[in-house]
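Step one of this worksheet: look at the structure below.
Residue numbers (my numbering), protein chains in the order written: chain A, 114 to 579; chain B, 307 to 939.
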């Protein structure tokens with residue numbers, strides 16, 4: 114194994130700064146083992162690999178003791194980055210980790226750029242691009258479902274699925290190569306009809322994966338859920354009820370919430386970006402006008418709209434008009450403030466309030482004050498937005514970025530063209546050009562390097578050779 | 307004794323690579339010497355008596371278009387011709403010919419004799435003459451020193467060659483009955499070149515008079531008067547059939563029972579063999595469930611009854627070879643005329659070469675053929691021609707000749723060799739070419755003729771023939787594009803092809819775009835002013851270039867993109883190992899292979915698209931910084 118060529122050594126705090134009893138400092142690069150030896154002069158002899166050892170960390174010039182820390186070394190290539198890597202678990206707080214990092218810098222390390230450890234891991238082939246993205250998602254994840262999905266992706270769940278689909282395209286290519294390059298072999302060529310059939314199965318698989326994209330992409334950011342409704346219809350109370358803390362100012366004066374307030378909440382384990390906005394009615398008040406513009410802007414991107422309508426009355430013209438304009442976007446009508454109406458009132462209005470008006474997916478009765486209906490809402494939200502994931506659980510391959518679905522869609526379209534042309538009796542050597550493009554699309558997604566896998570497969574699967 | 311000992315180019319070896327190298331060097335104007343151990347064996351077919359096949363047939367046509375010998379020699383010796391892949395589109399048609407083992411080399415030798423400026427010397431090269439790092443000539447076993455401005459080594463399987471039959475220890479040999487070349491191999495290795503070993507095998511030959519033809523299937527050639535050579539119309543000899551039979555269960559039993567006596571499976575041979583040309587032992591071990599394997603009996607020539615048993619390459623002992631042969635239907639009483647064997651030899655991993663096939667570490671030294679880890683007469687000939695031409699051009703102080711991947715299979719071959727290296731004996735397939743719709747057998751003259759002419763590879767009469775041919779093809783294309791056809795004339799053909807009839811006069815081109823209608827059918831129906839039977843190759847070109855114009859255009863767009871990448875030049879001075887934003891594997895590979903352009907770098911296995919992106923940035927940064935540094939100095 115050739116020695117790692119000159120790369121500089123990077124250092125950074127791996128845990129959140131300031132807080133915590135322990136801080137983990139990471140070193141990666143050609144000099145990291147040397148650096149840790151220098152910082153632990155007090156300890157004589159070599160630090161054992163992959164075995165946590167408590168060592169005195171000293172300032173290199175003065176020999177002044179900085180901390181007693183637990184040091185673990187991970188020589189290349191079996192480390193997170195694929196380079197020599199050292200983890201120093203020092204005491205936490207602000208000062209000690211800073212001193213240790215400073216000491217590392219003094220003997221040749223430089224501060225890592227954001228994401229640089231993961232980038233190096235990709236460069237050294239320790240993970241593919243899809244996995245690297247999952248690292249970010251895992252760190253930034255805001256709900257259990259996001260966490261599950263990121264973890265699955267990090268453990269190559271998605272990469273494996275995509276690699277598997279790529280391998281299937283290569284199998285089809287191998288059939289064609291056998292067809293074209295070895296016309297005189299023992300085994301007769303695979304009939305074109307069978308090749309087309311295999312293509313169709315694969316097309317379905319690609320489609321299936323592509324269908325995970327809308328929910329997968331929402332998992333990362335959270336589904337944008339806009340609370341809409343006339344001023345004083347109970348939006349902010351609902352917002353707070355879902356959030357579990359008094360974030361929005363709740364008053365009885367119409368139009369208190371002048372700008373949008375946003376918070377990400379985990380509902381049933383799934384992330385929702387909740388936005389409380391100004392009311393939907395037109396107004397002369399310029400400050401409030403601004404608030405309504407915000408509403409419109411959010412509405413354009415909303416994944417879900419919660420229209421709050423005070424219970425005990427029919428929907429107004431404005432509200433019906435608003436529902437019409439939402440054009441197929443998921444919407445729940447919430448009949449709010451049920452606590453203000455007596456049981457008799459409720460009975461009277463039963464017909465009006467239980468049937469979903471035109472354009473709405475669901476109607477629910479809630480009282481933020483009494484907490485009634487909130488549990489049902491929390492159950493409804495994931496079912497409406499993350500129905501696939503609710504059904505399958507988080508540990509299935511899902512496309513979590515636009516980049517993913519773009520590539521899979523390109524692959525799918527090329528495959529579809531390939532099948533069409535085979536059926537239109539276009540010569541196989543021409544139709545097969547689409548397969549190459551499909552493979553390249555998936556390879557770009559993974560960031561992997563293509564090799565001569567097609568020929569390898571031909572030689573493995575067919576007895577070739579006169 | 308050689309009268310004059312100073313040459314422009316010295317070619318070591320007289321096989322398919324050596325012959326083409328010598329001829330090409332002479333054609334570009336270099337005073338050339340060929341040294342080979344046995345003058346009578348120049349151009350010999352050491353393995354099967356056939357030229358062409360998938361992709362290889364296109365290479366034979368390319369060699370011809372570039373003024374080489376192979377096409378003419380094949381025409382003059384072919385005793386059976388077939389166009390492979392006839393059932394697919396013309397883009398992957400490949401001509402293949404069975405050749406007379408006596409006539410082929412005789413034809414090669416007669417072409418060489420016509421070349422003024424070529425000296426041929428019988429001898430074995432034992433060492434190199436060097437001036438520092440630069441080669442200046444060679445020394446023969448008899449101690450003769452010969453000087454050349456450039457030297458092309460085409461040593462075939464001779465370098466430390468070792469023949470294996472059965473479980474016996476191997477015997478040193480370059481080919482059967484010829485000694486190996488040991489000192490040359492050692493000297494090249496001592497000069498710091500990386501060396502490795504491959505193996506290949508041959509099947510036994512049998513006496514055709516001992517075959518029961520009533521039990522086996524006859525395979526006749528195609529009736530077309532096809533020519534590999536576009537410039538010279540050689541007389542084609544009378545045609546012979548091949549024969550097909552199948553191995554059965556009894557053969558499996560014999561091979562399995564004796565597997566340990568095979569040189570390959572008994573552990574005698576360490577070199578790697580080609581997966582696409584496996585021995586019968588390989589087939590039985592790797593595909594134990596296949597009950598039968600196809601065997602082709604190929605005539606070795608007109609004057610001999612010998613048959614080449616294609617598909618039965620083996621290194622089992624002679625007595626096992628006869629036993630397994632006689633299990634095969636039709637061969638129950640067959641007698642072996644030559645025993646099959648495996649041969650192991652040195653090759654020099656070709657990443658050590660540049661695109662001209664010059665050895666990077668030893669200026670003026672060129673390698674071609676099996677020494678570069680390839681197999682096949684056609685692959686050898688293609689490299690030989692390019693190495694010989696470039697050795698000649700360099701000796702004369704002229705610009706090199708390099709074929710790109712979108713210009714010729716030869717370009718694909720050489721670029722693959724130096725960029726990807728080899729891990730088994732390399733042969734061409736259409737799947738190695740990303741521009742196979744362009745690299746066809748029907749357009750070799752249009753693709754390569756003018757270029758060959760510019761460099762001086764064509765004779766005057768070849769040049770005239772080339773221009774005639776290109777003009778004729780243009781006329782045919784023009785007819786397909788310009789002519790119209792009436793419903794009454796077209797409809798019978800259209801109906802016969804299973805497509806809807808037309809109601810009014812349309813352009814021929816519009817009908818050509820229908821997948822069901824062939825160009826040939828339209829030429830006949832439309833009473834074209836040319837004979838479709840004579841011009842069927844030009845019509846095949848129309849079939850691809852006009853009917854599937856969209857595909858060809860997409861391919862040329864990709865090629866243009868590649869050309870663009872090729873303009874971002876790289877060179878050996880770039881310190882790849884210091885580029886920390888390029889993956890470790892890519893850094894290692896880039897340093898080892900030293901690509902000449904970004905396009906070549908993109909083809910190196912282990913260099914990812916992300917690496918390329920970062921490589922551009924790193925190289926630009928490095929170039930900026932080195933300019934700053936040098937201006938400060």
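Here a beta-carbon is modelled for each residue, glycine too, at the ideal position from N, C-alpha and C.
**Prompt:** If residue 386 of chain B and residue 548 of chain B are in contact, beta carbons under 8 angstroms, what's the gap, nearest whole angstrom?
**Reply:** A Cβ-Cβ distance of about 6 angstroms is found for the pair residue 386 of chain B and residue 548 of chain B, placing them in contact under the 8 angstroms criterion.
**Item:** Beta-bridge partners of residue 342 of chain A, as assigned by DSSP
**Value:** Under DSSP, residue 342 of chain A shares a beta bridge with A:421.
**Prompt:** Using the C-alpha atoms, what's the distance from residue 350 of chain A back to residue 422 of chain A?
**Reply:** Going from the Cα of residue 422 of chain A to the Cα of residue 350 of chain A covers about 13 angstroms.
**Request:** Kindly provide the ranges of any beta strand (DSSP E) runs that are 3 or more residues long and lie completely inside the stretch 435-478 of chain B, ordered along the chain.
**Result:** Those beta strand (DSSP E) runs which fall completely within the stretch 435-478 of chain B and span 3+ residues are 440-446, 451-459 and 468-470.
**Asked** Three-state secondary structure (DSSP) at residue 116 of chain A?
**Response** Any answer about residue 116 of chain A is weak, because its pLDDT of 40 lies below 50 and its placement is not dependable; what the coordinates show is given next. In this structure, residue 116 of chain A counts as coil in the three-state DSSP scheme.
**Prompt:** With a cut-off of 8 angstroms, does the C-beta of residue 228 of chain A fall near any C-beta of chain B?
**Reply:** Taking Cβ atoms only, chain B never reaches closer than 8 angstroms to residue 228 of chain A, which makes this a no.
**Message:** Am I right that residue 672 of chain B and residue 458 of chain B are in contact with their C-beta atoms under 8 angstroms? What's the rounded C-beta distance?
**Reply:** Sure, about 4 angstroms apart at Cβ, within 8 angstroms.
**Prompt:** Is it true that the CB of residue 907 of chain B sits closer than 8 angstroms to the CB of residue 876 of chain B?
**Reply:** Yes, they are a contact pair.
**Asked** How long is the line joining the alpha carbons of residue 485 of chain B and residue 680 of chain B, rounded to whole angstroms?
**Response** The alpha-carbon of residue 485 of chain B is positioned some 21 angstroms away from that of residue 680 of chain B.
**Prompt:** With 16 as the cutoff for other CB atoms within 10 Å, does residue 139 of chain A come out buried or exposed?
**Reply:** With 16 or more other CB atoms across the displayed protein chains lying within 10 angstroms of its CB, residue 139 of chain A is buried.
**Asked** Grouping DSSP H, G and I as helix and E and B as strand, with all else coil, what is residue 358 of chain B?
**Response** Three-state result, residue 358 of chain B: strand.
**Request:** Give a yes or no on whether 8 angstroms exceeds the smallest Cβ distance from residue 528 of chain A to chain B.
**Result:** By this cut-off, residue 528 of chain A is not an interface position.
**Message:** Output needed for residue 486 of chain A: all residues of its chain with C-beta closer than 6 angstroms, excluding positions within five of it in sequence on either side, in chain order.
**Reply:** Cβ contact annotation for residue 486 of chain A (same chain, cutoff 6 angstroms, sequence separation greater than five): 477, 478 and 479, in chain order.
**Prompt:** Would you say residue 423 of chain B faces chain A, with C-beta separation under 8 angstroms as the test?
**Reply:** So, not an interface residue.
**Item:** Any alpha helix (DSSP H) of 4 or more consecutive residues that is wholly inside the stretch 708-733 of chain B
**Value:** Whole alpha helix (DSSP H) segments, 4+ residues: 715-726.
**Prompt:** What are the boundary residues of the alpha helix (DSSP H) that residue 272 of chain A is part of?
**Reply:** Residues 270-294.
**Asked** First and last residue of the beta strand (DSSP E) that includes residue 255 of chain B?
**Response** Here chain B comprises residues numbered 307 to 939, so residue 255 of chain B is not present and cannot be evaluated.
**Message:** Using a Cβ-Cβ cutoff of 8 angstroms, what residues of the stretch 394-416 of chain B are near chain A? List them in chain order.
**Reply:** Here the close residues are 394, 395, 397 and 398.
**Asked** Roughly how many whole angstroms lie between the Cα atoms of residue 317 of chain A and residue 743 of chain B?
**Response** For residue 317 of chain A and residue 743 of chain B, the distance between alpha carbons rounds to 30 angstroms.
**Request:** Work out the CA separation of residue 863 of chain B and residue 380 of chain B for me, nearest whole Å.
**Result:** Taking the Cα positions, residue 380 of chain B is about 35 angstroms away from residue 863 of chain B.
**Request:** Assign residue 519 of chain B to buried or exposed, taking buried as 16 or more other Cβ atoms, counted over all protein chains shown, within 10 Å of its Cβ.
**Result:** Exposed, since its Cβ has fewer than 16 Cβ neighbours within 10 Å.
**Request:** Counting only the same chain and skipping the five closest in sequence on each side, list residues whose C-beta sits under 8 angstroms from that of residue 493 of chain A.
**Result:** Taken in chain order, the residues that qualify are 445, 475 and 477.
**Request:** State the Cα-Cα distance for the pair residue 402 of chain B and residue 684 of chain B, rounded to the nearest angstrom.
**Result:** Straight-line Cα distance between these residues: approximately 11 angstroms.
**Prompt:** Beta carbon of residue 384 of chain B, beta carbon of residue 405 of chain B: below 8 angstroms?
**Reply:** Yes, they are a contact pair.
**Prompt:** Shortest alpha-carbon distance to residue 675 of chain B belongs to which of B:665, B:746, B:689 and B:694?
**Reply:** Residue B:689 is the option with its Cα nearest to residue 675 of chain B.
**Positions along the stretch 714-736 of chain B whose CB lies within less than 7 angstroms of some CB in chain A** = Here the close residues are 735 and 736.
**Runs of beta strand (DSSP E) wholly within the stretch 567-636 of chain B (minimum 3 residues, chain order)** = Correct list: 600-605 and 612-616.
**Distance between residue 538 of chain A and residue 416 of chain A (C-alpha atoms, nearest Å)** = Residue 416 of chain A and residue 538 of chain A have their C-alpha atoms roughly 44 angstroms apart.
**Message:** Rounded to the nearest angstrom, what separates residue 491 of chain B and residue 652 of chain B at their Cα positions?
**Reply:** If you take the alpha carbons of residue 491 of chain B and residue 652 of chain B, they lie about 7 angstroms apart.
**Asked** Considering only residues of the stretch 854-934 of chain B, which uninterrupted alpha helix (DSSP H) runs meet the minimum length of 4 residues and lie entirely inside it, listed in chain order?
**Response** Taking only runs of at least 4 residues, the alpha helix (DSSP H) segments lying wholly in the stretch 854-934 of chain B are 855-872, 890-899 and 904-908.
**Asked** Nearest-angstrom Cα distance between residue 239 of chain A and residue 559 of chain A?
**Response** If you take the alpha carbons of residue 239 of chain A and residue 559 of chain A, they lie about 13 angstroms apart.
**Request:** Compare the C-beta of residue 824 of chain B with all C-beta atoms of chain A and state if any pair is closer than 8 angstroms.
**Result:** Taking CB atoms only, residue 824 of chain B has no neighbour in chain A less than 8 angstroms away.
**Prompt:** By the criterion of Cβ-Cβ separation under 8 angstroms, what are the contact partners of residue 821 of chain B in chain A?
**Reply:** Listed along chain A are 537, 538 and 539, each with a C-beta nearer than 8 angstroms to that of residue 821 of chain B.
**Residue-level contact to chain A via CB, residue 360 of chain B, 8 angstroms cutoff** = So yes, residue 360 of chain B belongs to the interface.
**Asked** In angstroms, rounded to a whole number, what distance separates the CA positions of residue 356 of chain A and residue 376 of chain A?
**Response** Taking the CA atoms as reference points, residue 356 of chain A sits about 8 angstroms from residue 376 of chain A.
**Prompt:** Under three-state DSSP, which class holds residue 137 of chain A?
**Reply:** Secondary structure of residue 137 of chain A (DSSP, three-state): strand.
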